[in-house]
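One structure is given below, encoded as structure tokens.
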Amino acid sequence: MMEFVESDQLLGTFVPIVVYWVYSGIYVLLGSFENYRLHSRKDEDEKNLVSRRAVIKGVLLQQAVQAIVATILFKVAGDSGGVATERKASLVVLARQFVTAMVVLDTWQYFMHRYMHQNKFLYRHIHSLHHRLVVPYAYGALYNHPLEGLILDTVGGAISFLVSAIWEQIQLFTAILCYMGSNSWDLYALFA
Ligand SMILES: [Zn+2]
1 MMEFVESDQL LGTFVPIVVY WVYSGIYVLL GSFENYRLHS RKDEDEKNLV SRRAVIKGVL
61 LQQAVQAIVA TILFKVAGDS GGVATERKAS LVVLARQFVT AMVVLDTWQY FMHRYMHQNK
121 FLYRHIHSLH HRLVVPYAYG ALYNHPLEGL ILDTVGGAIS FLVSAIWEQI QLFTAILCYM
181 GSNSWDLYAL FA
């Protein structure tokens with residue numbers, strides 16, 4: 001149990017869910033300051049085509065799918081006592097992986113979201129569900145069609161996870177080659 005608690009799996013799977021609800025909860029509380037609201041409470045109640053309860057249920061479902069995919073991904077990537085935990089990553093490496101993952105995920109989501117607006121079929125049958133929230137709730141970011149959640153968030157998250165890990169390996173390999181000098185492409189030198 002302790003191994004699991006301390007593992008990257010816990011951080012990667014459940015921390016994003018906790019952060020999502022805590023962070024959006026702060027905005028829900030800030031919503032009580034009427035003067036600073038972008039939309040009135042009346043608009044929120046009248047314009048939205050979906051109830052708060054349905055939004056919360058939809059988001060929880062989405063997060064359950066994400067947790068399952070993340071668990072599978074960690075198993076495949078060989079976490080829990082594997083290479084990742086044995087090699088303690090430095091803060092610089094972590095920061096680099098974090099930035100890489102953010103850039104990859106944001107780029108993926110931007111273009112997929114844009115395409116869902118351009119493609120009328122996808123908009124009508126999939127993405128319009130997300131825009132039933134005319135006045136967004138802070139916790140409604142992940143409220144969308146299950147297929148959209150899978151493509152934008154779950155697959156996007158998996159891609160950013162893999163790219164940041166692979167990119168780190170490339171960086172490491174490049175660093176080794178640089179350290180060996182510009183004429184060191186001879187792999188023999190690695191073992192000499
Ligand atoms: Zn949209």
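Using UniProt numbering, the first residue of the sequence shown is number 1, and each one after it goes up by one. All C-beta atoms in this analysis are idealised placements derived from N, C-alpha and C, irrespective of residue type, glycine included.
By the criterion of a C-beta distance shorter than 6 Å, HIS39 is surrounded in its chain by VAL135, once the five residues flanking it on both sides are discounted.
With a threshold of 8 Å, the Cβ atom of MET116 counts as near ligand 1, since some heavy atom of the ligand is closer than that.
Minimum Cα-Cα distance from GLU44 among the listed residues ARG132, ILE72 and LEU147 corresponds to ARG132. Cβ neighbours of GLN97 within its own chain (closer than 8 Å, five residues either side excluded): ALA89, SER164, ALA165, TRP167 and GLU168.
By the beta-carbon neighbour count (other beta carbons within 10 angstroms, threshold 16), GLU148 is buried.
For SER32, the three-state secondary structure derived from DSSP is coil.
The three-state secondary structure of VAL92, taken from DSSP, is helix. The closest CA to that of PRO146, considering only LYS120, MET112 and HIS127, is found on HIS127.
In this structure, GLN109 places its C-beta atom within 9 Å of the C-beta atom of LEU152.
By alpha-carbon distance to ALA64, the top candidate from ILE170, ARG41 and ILE17 is ILE17. The C-beta separation of ASN119 from LEU129 comes to about 15 Å, leaving the pair out of contact by the 8 Å criterion. Under the three-state reduction of DSSP, ILE126 is assigned to coil, being neither helix nor strand. Within a 10 Å sphere around the beta-carbon of ASN35 sit fewer than 16 other beta-carbons, which makes this residue exposed.
Distance from the CA atom of ALA54 to the CA atom of VAL103, rounded to whole angstroms, is 31 Å. Closest in C-alpha terms to LEU150, from the list VAL69, ILE26 and PHE111, comes VAL69. Straight-line spacing of the CA atoms in GLY12 and LEU61 works out to 18 Å.
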